[in-house]
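Colleague: Under the UniProt record's numbering, think of the first position of the sequence shown as 1, with each following residue one higher. Backbone N, C-alpha and C fix where the C-beta goes; we use that ideal spot for every residue, glycine too.
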Amino acid sequence: MSLIYTFPQKPPTSTSNSSSYSSSVIPKSLSSAAYGIYIGGKAEAKSRSFLLKHQICYILNVTPKISSDVKAGVPNYFEKETAVGPSSHGRLQFKYMRISIYDVASTNLREHVDDAFKFIHRGSHYGSVLVHCQRGVSRSTSCVITYLMR
């Protein structure tokens, strides 16, 4: 399996907004150290076909709760649904974890590292893991880099 990054089509300018970003998925070849970990944004998080295609059962949502901030938060779209996992147990539920943080310089990701590590590690044993934020650029990437460095 490969690690997937979501990149903007063009770099944002000081006058651009989130509409300058696309959800294009660019595969990157990595060694087997990636263990089926995918990085994405809102588009990947809400695509049931993407999740099933990549056998993703564990989803780490690195955005604020919708009740706190409708624009910054991304829902756990399939929290009540089931996913077909590679396990012999048959149908598995999508497992969600949320790290409720904003994409600002003052955010301290360090206090969430242990929980994120455990969730990603556990998820890699049951299939693939999607780590996502709003655009798949900062928070989700930071979580995966931290996981891979451990």
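DSSP on I99, reduced to helix/strand/coil?
Modeller: coil
Colleague: Who does S128 pair with in a DSSP beta bridge?
Modeller: I56
Colleague: Please report the straight-line C-alpha distance between Q93 and G127, rounded to a whole angstrom.
Modeller: 12 Å
Colleague: Check this for me: beta carbons of G41 and G123, under 8 Å apart or not?
Modeller: Going by C-beta atoms, G41 is not nearer than 8 Å to G123.
Colleague: With a cut-off of 8 Å on the beta carbons, I'd call C133 and K95 a contact; round off their distance for me.
Modeller: Between K95 and C133 the Cβ distance is about 18 Å, and since that is not below 8 Å, they are no contact.
Colleague: Between the beta-carbon of L60 and the beta-carbon of V131, is there less than 8 Å?
Modeller: yes
Colleague: Taking the beta strand (DSSP E) that Y38 belongs to, which residues open and close that run?
Modeller: DSSP places Y38 inside the beta strand (DSSP E), whose first and last residues are 37 to 40.
Colleague: Within the present structure, is the beta-carbon of K42 separated from the nearest heavy atom of the ligand ATP by less than 7 Å?
Modeller: Annotation note on the ligand ATP: not contained in the displayed structure, which lists no ligands.
Colleague: Suppose you measure from the CA of I39 to the CA of V144; what does that come to, to the nearest Å?
Modeller: 8 Å
Colleague: Sorted by chain position, which residues of the same chain lie with C-beta nearer than 6 Å to Y147's C-beta, five sequence neighbours on each side aside?
Modeller: Hits under 6 Å: F117, I120.
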